[in-house]
Each structure stands twice: as structure tokens, then as C-alpha cells.
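Asks:
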Amino acid sequence: MKTPLTLRLLPFLGIVALVIFFSSCKHEAMLPPIIPGVSDSICFETEVLPVIQSNCAKSGCHENRMSTYSQIMRDVTPGKPNSSKLYQVITANQSLGNLMPPSSNQPLTNDQITAIQLWIMEGANPTTCSGGACDSINVTFSKTIMPMVITYCKGCHDGSNSSTTLLLTTYDQVVAAQQNKHMMDHVLNQNGYSQMPKSAKLSDCNIAQLNKWISNGLPNN
Ligand code: HEC
Numbered sequence: 057m058k059t060p061l062t063l064r065l066l067p068f069l070g071i072v073a074l075v076i077f078f079s080s081c082k083h084e085a086m087l088p089p090i091i092p093g094v095s096d097s098i099c100f101e102t103e104v105l106p107v108i109q110s111n112c113a114k115s116g117c118h119e120n121r122m123s124t125y126s127q128i129m130r131d132v133t134p135g136k137p138n139s140s141k142l143y144q145v146i147t148a149n150q151s152l153g154n155l156m157p158p159s160s161n162q163p164l165t166n167d168q169i170t171a172i173q174l175w176i177m178e179g180a181n182p183t184t185c186s187g188g189a190c191d192s193i194n195v196t197f198s199k200t201i202m203p204m205v206i207t208y209c210k211g212c213h214d215g216s217n218s219s220t221t222l223l224l225t226t227y228d229q230v231v232a233a234q235q236n237k238h239m240m241d242h243v244l245n246q247n248g249y250s251q252m253p254k255s256a257k258l259s260d261c262n263i264a265q266l267n268k269w270i271s272n273g274l275p276n277n
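Using the working numbering, read the sequence shown as starting at 57 and increasing by one per residue.
And the structure:
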């Protein structure tokens, strides 16, 4: 079981509150050093990279510019979210005119923004996390499938990518993609259907979870 994001933030919030309290005149609140073992860390590979790839690497945006760790690091100052261009643009006030994803797109979710912030605070390492718990038996649409689609697909399939009209933002749309648009053929890059997501194949576990949900009859649970 993964600890919910908000719980993982708690140790930081306490320390950040203290630091802000004692240095309230500083221009940028100094963030505390990471204390090993205080929180399990954000996984770059599954929690940061796919969000950036699907939201920031799409065509017309920054294709080929934000799809690898080293490219992303050009806009990141490890340990300092507030000094990192990546964090600035995902949290920028829309009135500044540089909100990323662009204002016509859906903004990132609060959980996605928090994960990126925490990842930068933790040192912005290219963490991978194979071996993490993966449950491909107890699969539900709301807890397994939709979060996966939000992370890996929605950035391009929310109406903001001019190269596709396919929407993947609701249960009905995901079901329709499977029933009418060969979703699993795209995910498996088989029978001539292009790789989805475009940048990298889903993990074996994610694929097993999709297969389980499909063989269960696409329930809305
Ligand atoms: C980086 C952008 C991007 C990401 C991320 C992405 N897609 Fe796509 N998708 C596209 C584009 C563009 C097309 C149009 C066909 C093409 O370019 O291959 C497409 C086409 C599709 C199609 C076929 C639509 C049709 O009209 O036939 C399906 C199904 C699909 N994507 C599913 C997914 C799923 C499921 C995910 C996540 C696991 C995903 N896509 C992630 C950009 C993306």
C-alpha cells in the first residue's frame, strides 16, 4: 500500500512551518534538508515523468524537450522548487500568462503539483521504483484505472492536443476508447496501432491491471 500523498507531506509541512516561523522575512522560505526515513519518497519514474511527458511533451508544446530526465533537469534546481522553472510554470498564476500546461489545457491536479514539488525538495533524483506493491487483482475503475489514465494519458487526451480528438477524462470515454478505438492494441503497440502512451510503454503491472479491468467487463466501480 502506498501512503497517501498528503500523509507523506506531513513531516515536511511541520518542518516547513517551523522554518517559515523562524525566518519569516526571507524572500524564499528555506526548505529543510531531507531526513532519511521520515517519508517514503516520490518516484520520478512513475509519479513525475509520466505527468510531465503527457502534459508538457505533447506536440505544439515542448515535444522532444521535456521527455527525459536530463531535459527536465534543465528546468529544475534540486532542493528548491521555488527556484525551479518547472515548478514556477506549473504553479504560476494564470494572469501571468505563462501557466503550463497552457491555459487552454486542464491544469495539473493538486496531487500532481504536490508530487513534483516534493520530488524537487527531495533532491530531484531519477528515482525508479520497481518492486513497489502492485495489485493487479483488486482492480477498480476509480482507484486503479482512472488514476492511471490521469497520470499517463489525460495530458494529451483532454481536448488540448491538436493531433487527436480522443478524450480520456471520464468513465464513459475510457470505455468507448476500449470498445471503439482499440485502446489495448495501442497500449500494447500491436496489430499496427501506435504506441500509447507515446513516450514509453506502460509497466507490466499497469498493463495487467488494464487487462483485469477489461476481463471483469469494464465495471464502473
Ligand atoms: C504525448 C501525448 C499522448 C499521450 C501521453 C497519450 N496519447 Fe493516445 N494519442 C495521442 C495522439 C497524438 C493520437 C493520434 C494518433 C497518433 O498520433 O498515433 C493518439 C491516439 C490514441 C488512440 C486512438 C484514437 C483514435 O481516434 O483512433 C487511443 C485509443 C489512445 N491514444 C489511447 C491512449 C491511452 C490509453 C494513453 C495512456 C495510457 C494515451 N493514449 C496517451 C497522444 C497521446
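Built from N, CA and C at the ideal position, the CB exists for glycine as well. Since the model is a prediction, treat every value here as computed from it, not as a measurement.
(1) Touching or not, the stretch 241 to 252 and the stretch 218 to 227, by the rule of three or more beta carbon pairs under 8 Å?
(2) Within a Cβ cutoff of 7 Å, which residues of the same chain sit near Thr-207, ignoring the five residues on either side of it in sequence?
(3) Quick one: what's got a C-beta closer than 6 Å to Glu-38's C-beta in the same chain, skipping five residues either side?
(4) Would the stretch 125 to 142 and the stretch 173 to 181 be scored as touching if the rule is three or more Cβ pairs under 8 Å?
(5) Could you check which residue in Ser-255, Gln-235, Met-204 has the C-alpha nearest to that of Met-122?
(6) Is the separation between the beta-carbon of Val-243 and that of Leu-266 shorter than 8 Å?
(7) Since Thr-170 is in the alpha helix (DSSP H), which residue starts that stretch and which ends it?
(8) Decide if Pro-137 is buried, meaning its Cβ has at least 16 other Cβ atoms within 10 Å, or exposed.
(9) Just tell me which of Gln-234, Thr-147, Phe-100 has its CA closest to the CA of Ile-128.
(10) How would you write the range of the alpha helix (DSSP H) that Tyr-227 sits in, first residue to last?
(11) Would you verify that the beta carbon of Leu-244 is, or is not, closer than 8 Å to some beta carbon of chain B?
(12) Taking DSSP as the reference, what is the three-state secondary structure of Met-252?
(13) Which one of Met-204, Val-205, Tyr-125, Gly-211 has the shortest CA to CA distance from Asn-111?
(14) Could you have a look at Ser-140 and say whether DSSP puts it in helix, strand or coil?
(15) Which of the three DSSP states is assigned to Ile-108 in this structure?
(16) What number of angstroms, rounded off, separates the C-alpha of Gln-246 from the C-alpha of Leu-142?
(17) Which whole-angstrom value describes the C-beta separation of Cys-261 and Ser-192, a residue pair presumed to lie in contact below a C-beta threshold of 8 Å?
(18) Starting from the Cα of Ser-259, find the closest Cα among Ile-169, Gln-109, Met-204, Val-145 and give me that residue.
(19) Shorter than 7 Å, the distance from the beta carbon of Ser-110 to the closest heavy atom of the ligand HEC, or not?
(20) When the distance is taken between beta carbons, is Thr-196 closer than 8 Å to Asn-277?
(21) Cβ atoms of Gln-234 and Ile-270: under 8 Å apart, would you say?
Replies: Taking the structure as given:
(1) Taking one beta carbon from each stretch, the stretch 241 to 252 and the stretch 218 to 227 have fewer than 3 pairs nearer than 8 Å; the two do not touch.
(2) Residue numbering aside, residue 207 sits at position 151 when the sequence shown is read from its first letter. Excluding residues within five positions, the ones whose Cβ falls inside 7 Å are Pro-106, Val-107.
(3) The question about residue 38 has no answer, for the chain in this structure spans 57 to 277.
(4) The stretch 125 to 142, when compared against the stretch 173 to 181, does touch it at the 8 Å Cβ threshold.
(5) If you number the sequence shown from 1, residue 122 lands on position 66. Comparing Cα positions, the closest option is Ser-255.
(6) Position 187 of the sequence shown holds residue 243. Position 210 of the sequence shown holds residue 266. Less than 8 Å separates the beta-carbon of Val-243 from that of Leu-266.
(7) Position 114 of the sequence shown, counted from the first residue, corresponds to residue 170. Per DSSP, Thr-170 belongs to the alpha helix (DSSP H) from 166 to 177.
(8) Along the sequence shown, read from residue 1 onward, the residue named residue 137 stands at position 81. Taking all protein chains in view, the Cβ of Pro-137 is crowded by 16 or more other Cβ atoms within 10 Å, so the residue is classified as buried.
(9) Here residue 128 is taken as the residue at index 72 of the sequence shown, counted from 1. Its Cα nearest to that of Ile-128, the residue Phe-100 stands out among Gln-234, Thr-147, Phe-100.
(10) For this step, residue 227 is matched to residue 171 along the sequence shown. Residue range 227 to 236 is occupied by the alpha helix (DSSP H) that includes Tyr-227.
(11) No chain B appears in this structure, which consists of one protein chain only.
(12) Indexing the sequence shown from 1 puts residue 252 at position 196. In the structure shown, Met-252 sits in coil (DSSP, three-state: anything other than H, G, I, E or B).
(13) Translated into positions along the sequence shown, residue 111 becomes position 55. Between Asn-111 and the set Met-204, Val-205, Tyr-125, Gly-211, the nearest pair of CA atoms involves Gly-211.
(14) Residue 140 sits at position 84 when you count from the first residue of the sequence shown. In this structure, Ser-140 counts as coil in the three-state DSSP scheme.
(15) If you number the sequence shown from 1, residue 108 lands on position 52. Helix.
(16) As a first step, residue 246 must be located in the sequence shown, where it is residue number 190. As a first step, residue 142 must be located in the sequence shown, where it is residue number 86. In this structure, the straight-line span from the alpha carbon of Gln-246 to that of Leu-142 is close to 34 Å.
(17) Position 205 of the sequence shown, counted from the first residue, corresponds to residue 261. Position 136 of the sequence shown, counted from the first residue, corresponds to residue 192. Taking C-beta atoms under 8 Å as the contact rule, Cys-261 and Ser-192 qualify, at a distance of about 6 Å.
(18) Locating residue 259 in the sequence shown gives position 203, where the first residue counts as 1. Taking the Cα of Ser-259 as reference, the smallest distance to any Cα among Ile-169, Gln-109, Met-204, Val-145 is reached at Met-204.
(19) Numbered from its first residue, the sequence shown carries residue 110 at position 54. True, at least one ligand heavy atom lies under 7 Å from that Cβ.
(20) On the sequence shown, residue 277 is found 221 positions in, with the first residue counted as 1. On the sequence shown, residue 196 is found 140 positions in, with the first residue counted as 1. Remark: C-beta atoms of Asn-277 and Thr-196 approach each other more closely than 8 Å.
(21) Counting from 1 along the sequence shown, the entry for residue 270 is found at position 214. Counting from 1 along the sequence shown, the entry for residue 234 is found at position 178. Against a cut-off of 8 Å, the Cβ pair of Gln-234 and Ile-270 comes out as a contact.
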